[in-house]
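Engineer: Protein chains in written order, with this note's numbering: chain A, 1 to 266; chain B, 267 to 546. All residues carry an ideal CB built from backbone N, CA and C; glycine is no exception.
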């Protein structure tokens, strides 16, 4: 990988969820969602985590933004270890690291209009903005995801299609001017035609704004298209890592070969 | 393939009325399906592919809110002219459905055995040992421990297992036609492959016809005999699968095929439908 210091470096990360005991006198066995994984993401690049459901790829993404508990391990962001930070000390990093979710239907507040959804992060991270400035910024954000502000600012999520909602999710992540975006299966719930549009949009935004992506997915064809570097996860561990070319042409782990065989070819 | 078609659909159209608004969901759908054939219906969301499939057995709101035109001839009998009671005999028994989201299609408060048993008791009253038949149907979809799975509840199963249970339920009554409405969209690629392999095996074993509804041309290639491409309620192209896949005539079909990322063909940008339609 590049010689410059990576933007994000994960060392020996483990995430254990509390399990359930079979009998009340037994000690509950923790569920090991992620077990001792390490990787790094250079600035401006896209690193992907690929694996089937339950492999721990989403949990890894969530642990980085503290949506999942870090059991052991270190997460360095520009050399600072995020894991031991207090909630208030972590707050500035929430602005630098944003997340886009798989299900655009459930990740937007149904009671709020688009202006409200996009304003909320601005109110938290840019409290000095006036209401008029905020609205102007929201309009600009909508333009950057190729939606016309005059048509969308006052609408509610239920009035939008899946692809439009995912664009709003992307605009909300961009609102706080992040450096790293964790894309948790951003196109898995979309039609193939909309999927292509959203992927192109993500790549255009990366080129314009110099963003760094951690892309999480299960379809190797999509992952291969967007990534500079691929990590294959199975049962909480990284079983193979390499450039898209290496993974595609010289897969060494049997699990990677299964994933490759599952992609429809025609 | 000289046999008389099993299903003939002529001029099928669905119109919804809400208040004073009229929405034409699909129009002028024609096709013929022989026993053992697979028809793939491809299109984006909102193109009318699911509505047309539901209209085959009138699984839609009653008139006047929803008007279905045309003829659906199953072995020469027009399904749209049947009474509700007669249709109940057709649904599940002759034409069975599986849907996109197995999690919401299964009843969360009943065990798997009860739910499959219900379908068997309703459509095959001649079966005396229902629980043995339930186990048998779970074996047919290659579930490893059928007796254990039968006693479980939907939330205890993974998405792929839930979809297998849905298929088992649909097949328990030996339908002539299986309508699979985006059966793998909610599943990840490895499970998608398993489910599609299972469906093609079952089709050969039972000589069952399948209508596969999907938005992804990728899974059509090795599976379908016939392809029908729908866009805003109309069929824009239909024909043998190889012909449509290899020499698509309509720009919309070309667009749908072009926008799928393919392994080993890295491009700077993916082609979108808009690019493809603009170019033509």
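1. Measuring alpha carbon to alpha carbon, tell me which of 421/B, 391/B, 386/B ends up nearest residue 404/B.
2. Mind checking if residue 225/A is an interface residue toward chain B, Cβ cutoff 8 angstroms exclusive?
3. Decide if residue 441/B is buried, meaning its Cβ has at least 16 other Cβ atoms within 10 Å, or exposed.
4. To the nearest angstrom, how far is it from the Cα of residue 168/A to the Cα of residue 143/A?
5. Looking at the C-beta of residue 527/B, does it have a partner C-beta in chain A at a distance below 8 angstroms?
6. With 8 angstroms as the threshold, decide whether the Cβ of residue 311/B is near any Cβ in chain A.
7. Would a check of beta-carbon distances place residue 415/B closer than 8 angstroms to chain A?
8. Under a three-way DSSP split, which group does residue 336/B fall into?
9. Can you list, in chain order, the residues of the stretch 452-474 of chain B whose Cβ is nearer than 9 angstroms to any Cβ on chain A?
10. What's the call for residue 329/B, buried or exposed, on a 16-neighbour Cβ count within 10 Å?
11. Reducing DSSP to helix, strand and coil, say where residue 281/B ends up.
12. Which residues, in order along the stretch 334-351 of chain B, keep a beta-carbon less than 9 angstroms from a beta-carbon of chain A?
13. If you check the beta carbons only, do residue 450/B and residue 433/B fall under 8 angstroms apart?
14. Taking only beta-carbon positions, decide if residue 45/A is within less than 8 angstroms of chain B.
15. Could you tell me whether the Cβ of residue 240/A comes closer than 8 angstroms to any Cβ of chain B?
16. Quick one, are the C-beta atoms of residue 59/A and residue 49/A less than 8 angstroms apart?
17. Can a CB atom of chain B be found closer than 8 angstroms to the CB of residue 148/A?
18. Compare the C-beta of residue 250/A against all C-beta atoms of chain B and say whether one is closer than 8 angstroms.
19. At least one CB of chain B closer than 8 angstroms to the CB of residue 76/A: is that the case?
20. I need the straight-line Cα distance from residue 341/B to residue 273/B, nearest angstrom please.
21. Going along chain B, which residues have a C-beta under 8 angstroms from residue 207/A?
22. Under the three-state reduction of DSSP, which class applies to residue 62/A: helix, strand or coil?
23. Compute the beta-carbon to beta-carbon distance between residue 280/B and residue 326/B, rounded to the nearest angstrom, for a pair I have assumed lies under 8 angstroms.
24. Have a look at the DSSP bridge pairing and note the partners of residue 213/A.
25. So with CB distances below 7 angstroms, who are the chain A contacts of residue 511/B?
26. Does any residue of chain A bring its CB to less than 8 angstroms from the CB of residue 522/B?
27. In or out: residue 177/A buried (at least 16 other Cβ within 10 Å) or exposed?
28. Any residues in the stretch 484-503 of chain B with a beta carbon nearer than 7 angstroms to a beta carbon of chain A? Which ones, in chain order?
29. For residue 537/B, count neighbouring C-beta atoms within 10 Å of its own C-beta (all shown protein chains included) and say buried if the count is 16 or more, exposed if not.
30. What residues are listed by DSSP as bridge partners for residue 32/A?
31. How do the stretch 374-392 of chain B and the stretch 451-458 of chain B stand: do at least 3 beta-carbon pairs fall below 8 angstroms, yes or no?
32. Return the first residue and the last residue of the beta strand (DSSP E) that residue 294/B is part of.
33. Please go through the same chain and pick out, in chain order, the residues whose beta-carbon is closer than 6 angstroms to the beta-carbon of residue 32/A, but skip the five residues on each side of it.
34. Listed in chain order, which residues of the stretch 530-542 of chain B have Cβ atoms closer than 7 angstroms to some Cβ of chain A?
35. Going along chain B in order, which residues have a C-beta closer than 7 angstroms to the C-beta of residue 258/A?
36. For residue 45/A and residue 37/A, I'd like the C-alpha separation in whole angstroms.
Structural biologist: According to the structure data:
1. 386/B
2. yes
3. buried
4. 11 angstroms
5. yes
6. yes
7. no
8. strand
9. 452, 453, 454, 455, 456, 457, 458, 459, 460, 462
10. exposed
11. strand
12. none
13. no
14. no
15. no
16. no
17. no
18. no
19. no
20. 6 angstroms
21. The contacting residues do not exist; residue 207/A stays about 10 angstroms from chain B at best.
22. helix
23. 7 angstroms
24. 46/A, 181/A
25. 266
26. yes
27. exposed
28. 484, 485, 487
29. buried
30. 16/A
31. no
32. 287-299
33. 16, 236
34. 530, 532, 535, 536, 537, 538, 539
35. 456
36. 19 angstroms
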